[in-house]
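Student:
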Amino acid sequence: MNLPELDTTNLIAIAAALGWASGLRLYAVVFFTGLAGYLGWVQLPQGLALLQNELVLGTAGLLVLTEFFADKIPGLDTVWDAIHTFIRIPAGAALAAGVFGGDSTAWATVAALLGGTLAATSHTAKATTRAAANTSPEPFSNIGLSLLGDAAVPTMLWLSWAHPALFFVVLALSVVLALVTTVVLFRFLRALWRRFTAPHPAPA
């Protein structure tokens, strides 16, 4: 099957998608991207060819299942996000750089900065949103938010390959929404923390 050549716009879109999506579901990004290349649906750039390796695919698939369930348990999802703060952001930068890794050091550096920034933005918004959702006793909001993230990742990856112009529009809206959500919910969580840690007057 002859796959279309990727131009610079496509490559930038793919790098941005890999970075942004890594902030939400790193293992799903690795698995779906590698699987698409392995099955011949897309032609992966040389810097991402390792993702097609069967061992990488198997490991990523196992981690996808682990994260799928861990992300839907209130409390555990916040711990999972806290741990992955140190994993998702550098991994998002590395995956984005891999799009240009075999062609241009300058472009790879720019892609790494872009991917890391987008991963940090989406990860922070996700972690803040889920922490706020955990203040509610019911589990359904957590599960709903988790399923939304499950669907968003493959959708954004597909858009970056098939419709890069539309992807950039959706990405811009997503970044704005993430920034607003982070600020609003951070203030909410800070106010909640202050209320719980404020000294209470002793009973008369």
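Okay, so the sequence shown: first residue is -18 according to my numbering, each after it adds one.
By construction, the Cβ of each residue, glycine as well, lies at the ideal position given by its N, Cα and C atoms.
My guess is that A9 and V134 are in contact by the Cβ rule of under 8 Å, so how many angstroms apart are they, rounded?
Tutor: 5 Å
Student: Check whether the Cβ atoms of S3 and R69 lie closer than 7 Å to each other.
Tutor: yes
Student: With a CB to CB cut of under 8 Å and the five nearest residues on each side skipped, what residues in its chain are close to V151?
Tutor: M137 and L140
Student: State the start and end residues of the unbroken alpha helix (DSSP H) segment that holds W61.
Tutor: L57 to F81
Student: Could you check where the alpha helix (DSSP H) with P135 kicks off and where it finishes?
Tutor: F121 to A143
Student: May I ask you to verify whether the stretch 152 to 160 touches the stretch 34 to 51, counting CB pairs closer than 8 Å and requiring at least 3?
Tutor: no
Student: Measure the C-alpha to C-alpha separation of L44 and L16 and round it to an integer number of angstroms.
Tutor: The C-alpha of L44 lies about 14 Å from the C-alpha of L16.
Student: Which residue's Cα is closest to the Cα of E48: L5, A77, F67 and A75?
Tutor: L5
Student: Alpha carbon to alpha carbon, how far is L31 from G18? Give it in angstroms, no decimals.
Tutor: Take the alpha-carbon of G18 and the one of L31: they are about 10 Å apart.
Student: For K53 and S127, which I take to be in contact (beta-carbon distance under 8 Å), what is that distance rounded to the nearest angstrom?
Tutor: 5 Å
Student: Please list the terminal residues of the continuous alpha helix (DSSP H) segment that includes A30.
Tutor: DSSP places A30 outside any alpha helix (DSSP H), giving it a letter other than H or E.
Student: Exposed or buried, L129, counting other C-beta atoms within 10 Å across all chains shown (16 or more means buried)?
Tutor: exposed
Student: Kindly indicate which residue of L57, A(-6), G21 and A74 has the alpha-carbon position closest to the one of N115.
Tutor: L57
Student: Helix, strand or coil: which one does DSSP assign to T116?
Tutor: coil
Student: Ignore the nearest five residues each way along the sequence and tell me which others in L67's own chain have a CB closer than 7 Å to its CB.
Tutor: A small correction: the amino acid at residue 67 is Phe; Leu does not occupy that position in the sequence shown. Taken in chain order, the list of residues that qualify is empty.
Student: Under DSSP, the alpha helix (DSSP H) around G46 begins and ends at which residues?
Tutor: For the sequence presented, residue 46 should be read as Leu rather than Gly. Looking at the DSSP string, the run of the alpha helix (DSSP H) that includes L46 is E35 to A51.
Student: Measure from the alpha carbon of P187 to the alpha carbon of each residue in V80, V60, A101 and A87, then state which is nearest.
Tutor: For residue 187 there is no data in the structure shown, the boundaries of the chain being -18 and 185.
Student: With distances taken between CB atoms, is the gap from G0 to A77 smaller than 7 Å?
Tutor: Taking 7 Å as the Cβ cut-off, G0 and A77 qualify as a contacting pair.
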